[in-house]
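These notes concern the structure reproduced below.
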Amino acid sequence: IPPSMQVTATTSNGSIKVETMGSVAARSSNGSITVTGASGKVQAVTSNGSIKVDLDDPAEIGLTTSNASVTFRGLLIPGNHTIKTSNGSVNATLQDLPVEVDASTSNGKVRLAGNPAKRSAKAIVGPADSADSKLQIRTSNASVTVNYKETATEAITAVDNVGAECSVRWSFWGEPQGVSTGLVRRKR
13 IPPSMQVTAT TSNGSIKVET MGSVAARSSN GSITVTGASG KVQAVTSNGS
63 IKVDLDDPAE IGLTTSNASV TFRGLLIPGN HTIKTSNGSV NATLQDLPVE
113 VDASTSNGKV RLAGNPAKRS AKAIVGPADS ADSKLQIRTS NASVTVNYKE
163 TATEAITAVD NVGAECSVRW SFWGEPQGVS TGLVRRKR
């Protein structure tokens with residue numbers, strides 16, 4: 013489905029799976045919701061079913077369930093975002109840009125980017141001292157884990173001599189993807 017389109021899916025006692033490049037509004041009861049590749053706005057609401065969201069492009073999220081877990085991986089656009097559940101864990105992997113995270117649980121542990129576990133925590137996750145995105149996470153009787161990962165990194169081996177060979181190693185999600193070689197050129 014093209015990025016300009018929105019998918020709206022509603023069911024009762026059934027699961028929803030959406031693969032799209034556009035926005036998503038999904039609502040279920042007694043069923044899980046899985047969203048892959050979306051961008052724009054992602055709203056997923058269910059009860060007694062897990063929510064899994066795996067984004068390729070930046071999005072605004074609002075994810076709510078009860079009695080089940082929430083798993084999120086992606087890049088958040090500037091603004092306010094929420095993940096809420098009860099009796100279910102939350103696992104989030106935030107990408108590339110810093111996010112101000114406010115997470116709490118009534119009966120479990122909160123871990124933000126490897127920091128010691130507490131019942132609640134508020135911190136900026138990512139490589140900066142401030143953030144344009146805010147993520148509120150709430151659960152009860154379960155844990156919250158938030159990690160940060162850069163999606164594309166380059167390690168460049170530079171040489172001073174114009175005309176000399178150089179190499180660029182690149183990775184995606186921390187996995188080596190290849191090495192490109194070429195000649196050093198003058199900047200134009």
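Taking the numbering used here, the leading residue of the sequence shown gets 13, the next gets one more, and so forth. C-beta: ideal position from N, C-alpha, C; glycine also. From a predicted model like this one, the values you see are computed outputs, not experimental measurements.
Is residue i buried or exposed, if buried means 16 or more other CB atoms sit within 10 Å of its CB?
i, result
"residue 40", "buried"
"residue 61", "buried"
"residue 169", "Any reading at residue 169 is ruled out, since the residue's pLDDT is 37, under 50, leaving its predicted position unreliable."
"residue 118", "exposed"
"residue 16", "exposed"
"residue 145", "buried"
"residue 91", "exposed"
Any idea which residues DSSP pairs residue i with across the strands?
i, result
"residue 31", "48"
"residue 145", "91 and 111"
"residue 74", "55 and 94"
"residue 40", "23"
"residue 86", "106"
"residue 152", "Beta-bridge pairing links residue 152 to no other residue."
"residue 161", "107"
"residue 101", "DSSP output for residue 101 lists no bridge partner at all."
Near residue i, which residues of its chain fall below 8 Å by C-beta distance, leaving aside the five closest residues on each side in sequence?
i, result
"residue 134", "112, 113, 114 and 115"
Please list, in chain order, all residues of the same chain as residue i whose beta carbon is under 6 Å from its beta carbon, the five residues on each side excluded.
i, result
"residue 148", "94 and 114"
"residue 129", "121 and 123"
"residue 37", "20 and 55"
"residue 9", "As displayed, the chain neither begins before 13 nor continues past 200, which places residue 9 out of reach and without an answer."
"residue 68", "49"
"residue 22", "39"
"residue 76", "57 and 96"
"residue 59", "41 and 78"
Any beta carbon of chain B sitting closer than 9 Å to that of residue i?
i, result
"residue 150", "Absent here is chain B; the protein component of the structure consists of one chain."
Leaving out five residues on either side along the sequence, give the residues of the same chain with a beta carbon under 7 Å from the beta carbon of residue i.
i, result
"residue 125", "137, 158, 159 and 160"
"residue 70", "51, 87, 88 and 89"
"residue 139", "110"
So what's residue i in DSSP terms, helix, strand or just coil?
i, result
"residue 167", "Reliability fails at residue 167, whose pLDDT of 36 lies under 50, so the model's placement of it is uncertain and no value is given."
"residue 17", "coil"
"residue 131", "coil"
"residue 66", "strand"
> Should the segment 21 to 31 be regarded as contacting the segment 39 to 55, the criterion being three or more beta carbon pairs within less than 8 Å?
Replying inline: yes
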